[in-house]
Structure formats: C-alpha cells, structure tokens
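Below is one structure, written out as structure tokens, with a few remarks after it.
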C-alpha cells in the first residue's frame, strides 16, 4: 500500500543501459515495492469475500465402572488402562458463513488511497 512514491520503476534512456539497469539494486528495490503494493491490493479485494469457518470437537470420558455397577457393586475394575478407555463420547460439528458488509466501504477508501498518484 506504499504506492505514493513507488508507482513505476524509473526509466533510463537507451536500450543497453535499460538492460544493465535491470540488475541495479535500487531499481530492483523499487520494483519489489511496486509488486508488494499490487499484492496488497489483491489482498484487499479478497477481504470483500465472505469467510467460512468449520469447527469440529470430539470429547470422550473413560470409566472403570461397568454398566451394571448399581446392581453389582463388584462390577468395576481398578486397572488404569481399563479406566482410561473411552466408554462415553460426544461430538460437535459446526460451521459458519459470515460476510462483513461494511468492509466494502472501508476497502473502497483504502484502494482509492493506494491508487492515488501525486503530481511530483
């Protein structure tokens, strides 16, 4: 978004000089700033699109008690590995689609500022 000073690479007269200037560090830096500004503009255009979020959660609970523990008080295990096995589980899956309608007004101003070319 720094296009106020970096809109075009400075032109050097002469064809052979222009070819040599392609490797010049300062001109390469100017070109990179221009490319960065163009990529920033593409990113700003992508902000106008809706966003999609997908969520998934799995939760499990282990128990050393068997299903008939209330009737049979010996229906449990003191083994750690039997107690940590998942016997009850839950899951949740969800998604959202959101669209910020006011971002288009904000982006219009930012793009206008980005494309501003002062008369220097």
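Numbering (my numbering), first residue to last: 420 to 539. For glycine and all other residues, C-beta sits at the position ideal for the given N, C-alpha and C. Predicted model only: the values in this text are computed from it and were never measured.
The beta carbon of residue 487 is closer than 8 Å to those of 494 in its chain, skipping five residues each way along the sequence. Under DSSP, the beta-bridge partners assigned to residue 515 are 472. A contact between stretches requires three or more CB pairs, one per stretch, nearer than 8 Å, and the region 495–512 fails this requirement with the region 446–459. The beta carbon of residue 475 lies closer than 6 Å to those of 512 in the same chain, with the five residues before and after it left out.
Per DSSP, the continuous alpha helix (DSSP H) segment holding residue 447 begins and ends at 444–465.
For residue 484, no alpha helix (DSSP H) encloses it, and the DSSP letter there is neither H nor E. In the three-state DSSP reduction, residue 497 falls in the coil class, being neither helix nor strand. Within the same chain, 475, 476, 477 and 478 come within 8 Å of residue 510 by CB-CB distance, once the 5 residues on both sides are set aside. Its Cα nearest to that of residue 471, the residue 515 stands out among 527, 515, 522 and 492.
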